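S.K.: Let me give you the structure first, and then I'll get to my questions.
In the numbering used here, the protein residues as written are 21 to 198.
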């Protein structure tokens, strides 16, 4: 099995990269879905505050790679026969190491865009766990930096700059996934 994992700051383009993979018929494992599922199990509203708290709390209690381990259980249960899959939302080195131990052919792709572009995208996106306030977005970034996402981006096998057109970005993603 080959796994291509996307990482990047909020608003960099990970969701669009996943959409391209889905259009190509590639199975997706979303680490964020695992956090959202935990929030639902607890009966909590799906918003940035709750998801951030749960993600941090679970990392403190069960280890920085808790979400990677949960994803690996899903992969083993539902996708072990797949030739290729995409993992969305790597946030720390421990997650990368956990995936690399279990998936022989693991490629880490960092998607980068400047803060001003990412903030603009996030303000427009309107996903249920997004905020429309700049101070909330900056708080979210600070939290993700504390989890170690900067180190993950720095060690990526491939880095894509996503500051051009949507079609240029989608073309780059298709090339990587092909």
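We treat Cβ as the ideally placed atom computed from N, Cα and C, and that holds for glycine. The model shown is predicted, which means the values in this text are computed figures rather than measured ones.
Tell me the start and end of each unbroken alpha helix (DSSP H) in the stretch 69-125 that is at least 4 residues and wholly inside, in chain order.
M.R.: Correct list: 86-94 and 113-122.
S.K.: Starting from residue 178, trace the beta strand (DSSP E) in both directions and tell me its first and last residue.
M.R.: In the chain shown, residue 178 corresponds to position 158, counting from 1. Unbroken beta strand (DSSP E) run through residue 178: 178-181.
S.K.: Can you give me the C-alpha to C-alpha distance between residue 41 and residue 129, rounded to a whole angstrom?
M.R.: As a first step, residue 41 is located in the chain shown; it is residue number 21 there, counting from the start. As a first step, residue 129 is located in the chain shown; it is residue number 109 there, counting from the start. Roughly 13 Å separates the two Cα atoms.
S.K.: Should the stretch 77-84 be regarded as contacting the stretch 42-53, the criterion being three or more beta carbon pairs within less than 8 Å?
M.R.: Two segments are said to touch when three or more pairs of C-beta atoms, one from each, lie closer than 8 Å; by this definition the stretch 77-84 does not touch the stretch 42-53.
S.K.: Identify the continuous beta strand (DSSP E) that holds residue 164 and give its terminal residues.
M.R.: For the purposes of this step, residue 164 is taken as the residue at position 144 of the chain shown. Unbroken run through residue 164 is the alpha helix (DSSP H), 154-167; no beta strand (DSSP E).
S.K.: Report the residue from 91, 175, 26 and 105 whose alpha carbon sits nearest the alpha carbon of residue 53.
M.R.: Sequence index remark: in the chain shown, residue 53 carries index 33 (1-based). Of 91, 175, 26 and 105, the residue nearest in Cα terms is 91.
S.K.: On the CB-based measure, 16 or more other CB atoms within 10 Å of its CB, does residue 29 come out buried or exposed?
M.R.: In the chain shown, the residue the question calls residue 29 occupies position 9. The residue is buried, with at least 16 neighbouring Cβ atoms inside 10 Å.
S.K.: From the DSSP output, in three-state form, read off residue 24 for me.
M.R.: The count along the chain shown starts at 1 and reaches residue 24 at position 4. Of the three classes helix, strand and coil, the one that applies to residue 24 here is strand, per DSSP.
S.K.: Would you grab the beta carbon distance between residue 25 and residue 113 for me? Rounded to a whole angstrom, and I think it's under 8 Å.
M.R.: Translated into the one-based positions of the chain shown, residue 25 becomes position 5. Translated into the one-based positions of the chain shown, residue 113 becomes position 93. Taking a contact as a CB-CB distance under 8 Å, the pair residue 25 and residue 113 does not count as one, their CB atoms being some 12 Å apart.
S.K.: Any idea which residues DSSP pairs residue 130 with across the strands?
M.R.: One-based indexing of the chain shown puts residue 130 at position 110. DSSP lists 27 and 179 as the bridge partner or partners of residue 130.
S.K.: Restricting to Cα atoms, I'd like to know which of 74, 68 and 69 is closest to residue 61.
M.R.: Position 41 of the chain shown, counted from the first residue, corresponds to residue 61. The residue with the shortest Cα to Cα distance from residue 61 is 74.
S.K.: Kindly indicate the opening and closing residues of the alpha helix (DSSP H) around residue 137.
M.R.: As a working mapping, residue 137 is identified with position 117 in the chain shown. Taken as a continuous stretch (DSSP letters only), the alpha helix (DSSP H) holding residue 137 covers 135-145.
S.K.: With H, G and I counted as helix, E and B as strand and the rest as coil, what does DSSP make of residue 193?
M.R.: Within the chain shown, the letter at position 173 stands for residue 193. It is helical.
S.K.: If you draw a straight line from the alpha carbon of residue 184 to that of residue 145, how long is it in whole angstroms?
M.R.: As a first step, residue 184 must be located in the chain shown, where it is residue number 164. As a first step, residue 145 must be located in the chain shown, where it is residue number 125. Their backbone Cα atoms lie some 17 Å apart in a straight line.
S.K.: Checking 8 Å against the spacing of the C-beta atoms, do residue 131 and residue 37 come in under that value?
M.R.: Position 111 of the chain shown holds residue 131. Position 17 of the chain shown holds residue 37. Yes. Within cutoff.
S.K.: Apply the 10 Å Cβ neighbour rule to residue 142 and answer buried if 16 or more other Cβ atoms are within range, or exposed otherwise.
M.R.: As a first step, residue 142 is located in the chain shown; it is residue number 122 there, counting from the start. Burial is judged here by how many other beta carbons sit within 10 angstroms of a residue's own beta carbon; residue 142 has at least 16 and is buried.
S.K.: For residue 178, count neighbouring C-beta atoms within 10 Å of its own C-beta (all shown protein chains included) and say buried if the count is 16 or more, exposed if not.
M.R.: Numbered from 1 along the chain shown, position 158 holds the residue referred to as residue 178. Exposed.
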